[in-house]
Every structure is written in C-alpha cells, then in structure tokens.
Amino acid sequence: MTIKLIASDMDGTFLVNEDEYDQAHFEKVLRQLKDKDIRFVAASGRRLQNLQELFAPIADKELLDQIDYVGSNGSVVATSKKELYSIYLGADLIEKVIRWNSGYAPSANNLIVLSGIKGTYVSNHATKEVIEIISRFYPNVMQVEKLLEIDDQILGVSFIWPHEEVQGYVQDIEDLFGNEIHVTGSGFGSVDILPRDVNKANALQILQDYYGIDDDEVMVFGDNSNDLEMLEKYKEAYLMPNAATFMHEMHDKEAVTTNVEAGVLRTIEEKLSLDK
C-alpha cells in the first residue's frame, strides 16, 4: 500500500475530547510520516484558525510543516504555509436560510452561528455559558443584534441544537433547498449550511491536485455525516467504531479502535507498519 496523504476528522475521530489528543504519540507517528513524505490533513467543521491552534503546541516545529488543513467542512483549504482555497455563502442564501429557521418549529430552541473571516457571530440572546462553549470551537465570537446586517464574508451558517439527533433536520433542509446549498451534520447537535458542492472530499481533491496525489494514495478517517463524502470516495477509508448507528449502516470499514483509545493513530501504525 502506497499512501501519500492521510486526512482525519477531528471531533469524535482524532480528538479524545474537545481539544485533547496524545501529543507525544502523534508526534511519534507524524515524524515517521514525514520520513515517508506522507502529508497529514486535519479535516474538520472547525475553523482554520482553531485547527492551527490545536497543533501549535507541537514541540518540533518542523513537524508542523507536514500538516495541512481542511476547515469549515471544506470551505477553506490550506497547506502548512498558505491558503489554497476559500468559498463563501452569498448574502441572499444566508438571508433565506435564517428566515427559514425562524419559521421552522423545531428551531425554537436552537442557536444560529455565522462563521466569517473577521469573526464568529451569534445573536444577543445567547447566554454567557453558551458563548463559552462556542468559543472552544470558533474563534473571535461576537454577539450581534442583527445577524443579517453583518459586514463580513461568511463561510457557513450553523444551527446548533441542545441535542445530537439532527439528521431529521438535515433531511428537512435538503428537501427544501435542494442543490442550492450543501447541508451536513457535524456533531454536537450542529447542522452546517455551506456553499453548494462544498465537502471534505472535494476539499481534499484540491490538496491532491496541489501535491500530485491520486485517490488510491489517500487514507481518511471520520465519524459523522460531514465525513460521508470522503468515506465514500476513498478505498482506504475508516469509520470510527464510536460513530453513530446511522453511519455504520452507510460504511462498514472501521478503525482498529475508538477515538478515546487513539484509534486514528493506532490504525495508521498498523496499516503502514510504523514503529509503535
């Protein structure tokens, strides 16, 4: 097996809990990947800045050059050194989905988050506790009076519910908007509205084109519906054992163990015969 790029989702896949991972274990694996000239890609619904901050504590800064990024579920693609691609939602679509949400009965207790270039925007009614939670995943969170009057380029709109069973909401949005947008669940009760055709698989293709890497040279890991496109596209695609039941019905190839037990790193070690 010749692998040249490994992409992993973060929450529920690579990370043990929120921002936690075994740094020493990851550095050991990443050093061996670097020796084999294999890129590692953090592919997540998180913003690019947040992803970069996750790996900033790595002691060997040369290893950071081996990490690339797919942020905002594919709206932003960056190498370790520069941004390759970004795409934004049009103002008309933003207004349309926000107005839809205001009339959607199950949305009575959800929160709207707009991810922009300058910052992250939530409405004034969000509590301090909610802001603290959002700030763990989104940079520069700001409360605003009117979401439709924000002066910024918006990468995506997220609807966040206080529970994680959101696939029904995803289907309702897809049924209404069709191919105007791309909608996906990304864990923790979040439903993300993205520009049409934006997903992690298409974002990885941008990195593949940049480095000259074929599909059969890519390995991916994921656990949620925002990982489906890349799990379906690549042969070496591994679903986390801790993924939701509906994901196991769609993909049967699994990592060797869960995210809590460093399943991504242990699967990489096993499949690529790395030193443990």
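Take the sequence shown: its position 272, counting from 1, is numbered 500 in our numbering, and each next residue is one higher. Ideal placement from N, C-alpha and C gives every residue a C-beta, glycine not left out.
What do you reckon, are the CB atoms on residue i and residue j nearer than 8 Å?
{"i": "Thr355", "j": "Val369", "result": "no"}
{"i": "Asp503", "j": "Gln294", "result": "no"}
{"i": "Val446", "j": "Glu464", "result": "yes"}
{"i": "Ser272", "j": "Leu383", "result": "no"}
First and last residue of the beta strand (DSSP E) that includes residue i?
{"i": "Ala465", "result": "Glu464 to Leu467"}
{"i": "Tyr349", "result": "Thr348 to Ser351"}
{"i": "Asp296", "result": "Ile295 to Gly299"}
Assign residue i to one of two classes, buried (16 or more other C-beta atoms within 10 Å of its C-beta) or exposed (fewer than that).
{"i": "Glu311", "result": "exposed"}
{"i": "Ser386", "result": "buried"}
{"i": "Pro423", "result": "buried"}
{"i": "Thr412", "result": "buried"}
{"i": "Arg327", "result": "exposed"}
{"i": "Phe410", "result": "Checking the sequence shown, residue 410 turns out to be His, not Phe. Label assigned to His410: buried."}
{"i": "Ile345", "result": "exposed"}
{"i": "Asn278", "result": "buried"}
{"i": "Ser330", "result": "exposed"}
From which residue to which residue does the alpha helix (DSSP H) around residue i run?
{"i": "Ile326", "result": "Ala319 to Ser330"}
{"i": "Val257", "result": "Gln251 to Asp263"}
Of all Cβ atoms in chain B, is any one closer than 8 Å to the Cβ of residue i?
{"i": "Val269", "result": "No chain B is part of this structure, which consists of one protein chain only."}
- Are there three or more Cβ pairs, one per stretch, closer than 8 Å when the stretch 461 to 475 is compared with the stretch 252 to 262? With the cut-off at 8 Å, the stretch 461 to 475 and the stretch 252 to 262 do not touch.
- Message: For the pair the stretch 363 to 378 and the stretch 399 to 406, tell me if three or more CB-CB distances fall below 8 Å.
- Response: Look at the beta carbons and you see the stretch 363 to 378 not touching the stretch 399 to 406: under three pairs across the two are nearer than 8 Å.
- Task: Go through the stretch 385 to 438 residue by residue and report every complete run of the beta strand (DSSP E) that reaches 3 residues or more, in order.
- Result: Qualifying beta strand (DSSP E) stretches, in chain order: 409 to 413 and 418 to 423.
- Are the stretch 234 to 243 and the stretch 429 to 448 in contact at 8 Å, needing three or more beta carbon pairs? At 8 Å Cβ cutoff, the stretches touch.
- Is the stretch 280 to 293 touching the stretch 315 to 329 in the sense that three or more CB pairs, one from each, lie closer than 8 Å? Touching, no, given that fewer than three Cβ pairs across the two stretches are closer than 8 Å.
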